[in-house]
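Take a look at the structure below.
Residue numbers (this note's numbering): 33 to 512.
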């Protein structure tokens, strides 16, 4: 795996810093999809929170007292600062810069308390003695607040662990309503802005030069630069995007010192994705279904009761293809506009999802849905995870093509039933669970996002209940 691909993988990872146990298809899927914590806006332009104007001066840095205004710009510099209003003009374009988001009035202690509460899932995993994605431990008062934006209710912050091994992004829509949280290494965090890959505004980034006090961003599709809120050690954020969040692409990043002198200028590199194609001579081959004679209700190894399989979704196949098509349409609308979707053979090969696609597997209750859809030519699958009835809400989505052996790659969110297996047991952190089997595919829960990744053992049993298969896999144990 080359460094470019590793950087893209780092950018695509959302909730944890996953090990690089993946392939090119998986990498592109994660770079391409909007993960569960991202909501795609229906408006063409997002409405973002702008800087609070206090006493006629814009607050612009978490490291600067809120009562102190930006200094004037010396002649010859590339930005001009209006000392009366704090507004910035980009001298290269003559455009007025969109102000930075406001500094949060919350104390660092309150920020850590709110995000620490939200980080309880991590603590529960550690207490249960299951392997966690990093060794930094749960967020507590020993963590450092690098930058914080928002008001008394809304919060977006970047936090650094005591051992400096993890940067966490924490976003909340109110003191008791978490929106998103992520954990990644500083190296992978820094790699986010190396390529022209989609980010969410709340993701944050870092300008790796000392003394940077202002950061201006040129964003694809926006006519005026935006100013980011800069905190400690060059870490910066565009703040909480609100309900109209959208994915953004950074075209240029400029950093300036306290006197307005440019000290950093980066143009993120375009990423040329490895070509993905679909072999027209290969169609997917699923295992022959086997009806169990002995239905397992207890774990054959421990005798403990098995948790029941996840429920079959009550939605009809037509309802599922209609819902998933709402997400699928986003990818086809983006084709030809640059980025990793353009000229992707796997995206284009089978065309958009229609009612002719087979709903091979479906689980969920109410509006919560996970489904595996197979194209009519049996060469492409779409994996569709939705927590609301439309693409306006949280979702996770991917496509991949059949491999040379006639199988779909196992991406850790569903699997293909091995030959000779009638029932499967998945050793989840919550205990052994029977998998749902349908049309030669299996799934162990709703499995959205990537929180709670664990390496677990999946065991297969024949019709008489004899074990004939065992393999460890990295899966998502999230049942929400």
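We put the beta carbon where it would ideally sit given N, CA and C, even for glycine.
### Message
Within 10 Å of its beta-carbon, does residue 226 have 16 or more other beta-carbons around it, so buried, or fewer, so exposed?
### Response
To locate residue 226, count along the chain shown from 1; it is residue 194. Buried is the label assigned to residue 226, since at least 16 other Cβ atoms lie within 10 Å of its Cβ.
### Message
Going by DSSP, what residue range makes up the alpha helix (DSSP H) through residue 324?
### Response
Stepping through the chain shown from its first residue, residue 324 is reached at position 292. For residue 324, there is no enclosing alpha helix (DSSP H), as DSSP gives it neither H nor E.
### Query
What residue does the alpha helix (DSSP H) around residue 221 start on, and which one ends it?
If you number the chain shown from 1, residue 221 lands on position 189. 218-223 is the span of the alpha helix (DSSP H), which, as asked, contains residue 221.
### Message
Less than 8 Å between the C-beta atoms of residue 412 and residue 319, yes or no?
### Response
If you number the chain shown from 1, residue 412 lands on position 380. If you number the chain shown from 1, residue 319 lands on position 287. In this structure, residue 319 does not lie closer than 8 Å to residue 412 by Cβ.
### Message
Tell me the DSSP secondary structure of residue 246 in three-state form.
### Response
Position 214 of the chain shown, counted from the start, is the residue given in the question as residue 246. For residue 246, the secondary structure class from DSSP, reduced to helix, strand or coil, is strand.
### Query
DSSP state of residue 233, grouped into three classes?
Position 201 of the chain shown, counted from the first residue, corresponds to residue 233. The answer is helix: DSSP assigns residue 233 an H, G or I state.
### Task
Would you mind reading off the limits of the alpha helix (DSSP H) that contains residue 381?
Here residue 381 corresponds to residue number 349 of the chain shown, with the count starting at 1. Looking at the DSSP string, the run of the alpha helix (DSSP H) that includes residue 381 is 377-381.
### Message
Could you pull the DSSP bridge partners for residue 210 from this structure?
### Response
Translated into the one-based positions of the chain shown, residue 210 becomes position 178. Answer is 204, bridged to residue 210.
### For residue 131, the nearest candidate out of 143, 259, 446 and 174 (CA to CA)
Here residue 131 is taken as the residue at index 99 of the chain shown, counted from 1. A check of alpha carbon separations from residue 131 across 143, 259, 446 and 174 identifies 259 as the nearest.
### Beta-bridge partners of residue 112, as assigned by DSSP
For the purposes of this step, residue 112 is identified with residue 80 of the chain shown, where counting begins at 1. Partner(s): 121.
### Query
Can you tell me where the alpha helix (DSSP H) with residue 141 in it begins and where it stops?
One-based indexing of the chain shown puts residue 141 at position 109. Annotation: the continuous alpha helix (DSSP H) that includes residue 141 extends over 140-150.
### Query
Could you give the C-beta distance for residue 467 and residue 493, rounded to a whole number, given that I count them as a contact under 8 Å?
Taking the chain shown and counting its residues from 1, the one referred to as residue 467 is at position 435. Taking the chain shown and counting its residues from 1, the one referred to as residue 493 is at position 461. Contact annotation, residue 467 with residue 493: C-beta distance approximately 11 Å; criterion of less than 8 Å not satisfied.
### Query
Roughly how many angstroms lie between the CA atoms of residue 148 and residue 310, to the nearest whole one?
If you number the chain shown from 1, residue 148 lands on position 116. If you number the chain shown from 1, residue 310 lands on position 278. Taken atom to atom, the span from the alpha-carbon of residue 148 to that of residue 310 is near 45 Å.
### Query
Quick one, which of 408, 423, 427 and 410 has its alpha-carbon nearest residue 417's?
For the purposes of this step, residue 417 is identified with residue 385 of the chain shown, where counting begins at 1. For the residues 408, 423, 427 and 410, the minimum Cα distance to residue 417 belongs to 427.
### Query
Hey, would you say residue 240 sits closer than 8 Å to residue 271, going by beta carbons?
The sequence position of residue 240 within the chain shown is 208, counting from 1. The sequence position of residue 271 within the chain shown is 239, counting from 1. No; because the gap between Cβ atoms is not below 8 Å, this pair is not in contact.
#### Entry: Contact the segment 347-359 vs the segment 387-406: 3+ CB pairs below 8 Å
Short answer: they touch.
### Message
Please state the DSSP three-state secondary structure of residue 174.
### Response
Within the chain shown, numbered from 1, the residue matching residue 174 stands at position 142. In this structure, residue 174 counts as coil in the three-state DSSP scheme.
### Query
Opposite residue 288 in the DSSP bridges: which residues?
As a working note, residue 288 is residue 256 in the chain shown. For residue 288, which the question treats as bridged, DSSP gives the partners 246 and 294.
### Task
Grab me the residues of residue 179's own chain with a C-beta within less than 8 Å of its C-beta, minus the 5 sequence neighbours each way, in chain order.
Taking the chain shown and counting its residues from 1, the one referred to as residue 179 is at position 147. Once the five neighbours on either side are set aside, the close Cβ partners of residue 179 are 94, 189, 190, 236, 261, 262, 263, 264, 267, 268 and 269.
### Spatial neighbours of residue 392 in its chain, beta-carbon cut-off 6 Å, leaving aside the 5 residues before and after
One-based indexing of the chain shown puts residue 392 at position 360. Short of 6 Å from the beta carbon of residue 392, and not among the five residues preceding or following it, lie these beta carbons of its own chain, in chain order: 404, 406, 471 and 473.
### Query
Roughly how far, in whole angstroms, is the beta-carbon of residue 444 from the beta-carbon of residue 504, given that I think they are within contact range, below 8 Å?
For the purposes of this step, residue 444 is identified with residue 412 of the chain shown, where counting begins at 1. For the purposes of this step, residue 504 is identified with residue 472 of the chain shown, where counting begins at 1. Taking a contact as a CB-CB distance under 8 Å, the pair residue 444 and residue 504 does not count as one, their CB atoms being some 11 Å apart.
#### Entry: Every unbroken beta strand (DSSP E) within the segment 382-427, with a cutoff of 3 residues, ordered by chain
Taking only runs of at least 3 residues, the beta strand (DSSP E) segments lying wholly in the segment 382-427 are 390-395, 401-406 and 412-418.
### Task
Measure the CB-CB distance between residue 244 and residue 216 and report whether it falls below 8 Å.
Along the chain shown, read from residue 1 onward, the residue named residue 244 stands at position 212. Along the chain shown, read from residue 1 onward, the residue named residue 216 stands at position 184. The answer is no: Cβ separation not under 8 Å.
### Message
Excluding the 5 residues flanking residue 331 on each side, which residues of the same chain have their C-beta closer than 7 Å to its C-beta?
### Response
Here residue 331 refers to the residue found at position 299 of the chain shown. 338, 457 and 464.
#### Entry: Environment of residue 334 [buried if 16+ CB atoms lie within 10 Å]
Translated into the one-based positions of the chain shown, residue 334 becomes position 302. It counts as exposed.
### Message
Excluding the 5 residues flanking residue 173 on each side, which residues of the same chain have their C-beta closer than 7 Å to its C-beta?
### Response
Here residue 173 refers to the residue found at position 141 of the chain shown. Closer than 7 Å at the Cβ level, and outside the excluded window around residue 173, lie 141 and 144.
### Task
Label residue 433 either buried or exposed according to how many other C-beta atoms from any shown protein chain fall within 10 Å of its C-beta, with 16 as the threshold for buried.
Against the chain shown, residue 433 aligns to sequence position 401. That one is buried.
### Message
To the nearest angstrom, how far is the alpha carbon of residue 336 from that of residue 377?
### Response
The residue you call residue 336 lines up with position 304 of the chain shown. The residue you call residue 377 lines up with position 345 of the chain shown. Counting only the Cα atoms, residue 377 lies some 47 Å from residue 336.
#### Entry: Beta-ladder partner(s) of residue 471, from DSSP
The residue given as residue 471 occupies position 439 in the chain shown. DSSP output for residue 471 lists no bridge partner at all.
#### Entry: Cα-Cα separation, residue 212 to residue 170
Taking the first residue of the chain shown as position 1, residue 212 is located at position 180. Taking the first residue of the chain shown as position 1, residue 170 is located at position 138. Distance between the alpha carbons of residue 212 and residue 170 is about 15 Å.
#### Entry: Enclosing beta strand (DSSP E) for residue 317 [first to last residue]
Residue numbering aside, residue 317 sits at position 285 when the chain shown is read from its first letter. For residue 317, no beta strand (DSSP E) run applies, since DSSP gives it neither H nor E.
### Query
For residue 181 versus residue 136, is the C-beta spacing smaller than 8 Å?
One-based indexing of the chain shown puts residue 181 at position 149. One-based indexing of the chain shown puts residue 136 at position 104. By the CB criterion at 8 Å, residue 181 and residue 136 fall inside the cutoff.
### Beta-carbon proximity check, residue 186 vs residue 208, cutoff 8 Å
The count along the chain shown starts at 1 and reaches residue 186 at position 154. The count along the chain shown starts at 1 and reaches residue 208 at position 176. Against a cut-off of 8 Å, the Cβ pair of residue 208 and residue 186 comes out as no contact.
### Query
Between residue 394 and residue 347, is the Cβ-Cβ spacing less than 8 Å?
Position 362 of the chain shown, counting from 1, holds the residue named residue 394. Position 315 of the chain shown, counting from 1, holds the residue named residue 347. Yes, Cβ-Cβ distance for residue 394 and residue 347 is below 8 Å.
### Test: residue 312 CB closer than 8 Å to a CB of chain C
The displayed structure is made up of one protein chain only, and chain C is not part of it.
### Message
For residue 138, tell me which candidate among 361, 363, 210 and 183 has the shortest Cα-Cα distance.
### Response
In the chain shown, the residue the question calls residue 138 occupies position 106. Ranking the options by Cα distance to residue 138, first place goes to 183.
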